[in-house]
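Enquirer:
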Amino acid sequence: MEDLVRDYERLLKEKAIISEPKDDKEVAKELKVGEWFRIDRDVIARNREKIRCVCNEAGDVGKVYWKRFEESNKIADENPDQYPRIIETYIFKHDWEYKTEQEMRDMCEGIGDGECDDVICDLELQMRICNGESAHALFEEADKLPRVRVIQLRNGGTGYFGGGADNFDDNPPAGLSRCNFNPISKDYSNVPYAFRRVLS
Numbered sequence: 046m047e048d049l050v051r052d053y054e055r056l057l058k059e060k061a062i063i064s065e066p067k068d069d070k071e072v073a074k075e076l077k078v079g080e081w082f083r084i085d086r087d088v089i090a091r092n093r094e095k096i097r098c099v100c101n102e103a104g105d106v107g108k109v110y111w112k113r114f115e116e117s118n119k120i121a122d123e124n125p126d127q128y129p130r131i132i133e134t135y136i137f138k139h140d141w142e143y144k145t146e147q148e149m150r151d152m153c154e155g156i157g158d159g160e161c162d163d164v165i166c167d168l169e170l171q172m173r174i175c176n177g178e179s180a181h182a183l184f185e186e187a188d189k190l191p192r193v194r195v196i197q198l199r200n201g202g203t204g205y206f207g208g209g210a211d212n213f214d215d216n217p218p219a220g221l222s223r224c225n226f227n228p229i230s231k232d233y234s235n236v237p238y239a240f241r242r243v244l245s
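So in the working numbering, the last spot in the sequence shown is 245, and the numbers never skip.
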C-alpha cells in the first residue's frame, strides 16, 4: 500500500511539473514575437458574454466572427485532447531567407506540439478580447505584428493569419486566408505559428 501511495505522489509531482511553464517570464498576456502567449479556455468561457458584446460592436463583420468563434469553441469542447483548457502559442522571429511549408510545420513540432490551426487562432482572438483588445483593433485595424503567421488548417491545408506590418500589409489580426498545403513551396516573408498543450 505504501508503494502505491509513493507511486501516486510521484505521478502527481510529475504532472505538476508538466502543467507549469518552465519560467513565468516566458508566458505573455500580450501577443509578441518570440514569447509564449497563454490561451485559457476557462477564462474564455467565463467571458462569453463580453466576447459576444465586443463582436456585436463591430456590426455585421463582428457577427461573422462571433459565429466563427462559437463553431470553434464547439469543436474545441468536442476534442479536449486536441484543445486542452490551456494552450500556449509562439510566433517565430523571421531570420531566414525562406522556409518551405513543410519546414515551417517541422519547426513548430520542434518547439511545441505543431502548427496552430484555425480553431486555436479563434481561441487566441477570444483570449485577446478577454485581455482587453477591442473589436476595431482585431477586426479592422492593420495588424502590428511584423509577419503574417502560417498555420495548418484543420482540413490539412495552409492558412495565413493576421500580421504583415513589415511588408506593409493591411491584414487585421483576425484576417485568415486559406489555400492548399504544398510541402515544397518556398515562403520568403511569413513565419510559422506554433502551439503547445499545457496539461492541467
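Glycine included, every Cβ here is placed at the ideal spot set by N, Cα and C.
(1) Checking the sheet assignment: what are the DSSP bridge partners for alanine 103?
(2) Could you tell me whether the Cβ atoms of valine 193 and asparagine 216 are closer together than 8 angstroms?
(3) Would you mind stating whether arginine 199 and aspartate 167 have Cβ atoms separated by less than 8 angstroms?
(4) Considering only their Cβ atoms, is the gap separating arginine 241 from aspartate 151 smaller than 8 angstroms?
(5) Report back the beta-carbon spacing between glutamine 171 and isoleucine 120 to the nearest angstrom; my notes put them in contact at under 8 angstroms.
(6) What residues match up with alanine 239 in a beta bridge as DSSP calls it?
(7) Please tell me whether, using a cut-off of 7 angstroms, the distance from the CB of aspartate 85 to the nearest non-hydrogen atom of the ligand ZN is below it.
(8) Look up isoleucine 196 in the DSSP assignment and give the residues it is bridged to.
Expert: Here's the rundown:
(1) Its beta-bridge partners do not exist; DSSP assigns none.
(2) A contact, by the Cβ cut-off of 8 angstroms.
(3) With respect to the 8 angstroms criterion, arginine 199 and aspartate 167 are not classified as neighbours on the basis of their beta carbons.
(4) No, the Cβ-Cβ distance between aspartate 151 and arginine 241 is not below 8 angstroms.
(5) Contact between glutamine 171 and isoleucine 120 is ruled out by a C-beta separation of about 13 angstroms, above the 8 angstroms threshold.
(6) Answer is Tyr135 and Glu160, bridged to alanine 239.
(7) The ligand content of the structure shown is nil, which means the ligand ZN is not present either.
(8) For isoleucine 196, which the question treats as bridged, DSSP gives the partners Gly204.
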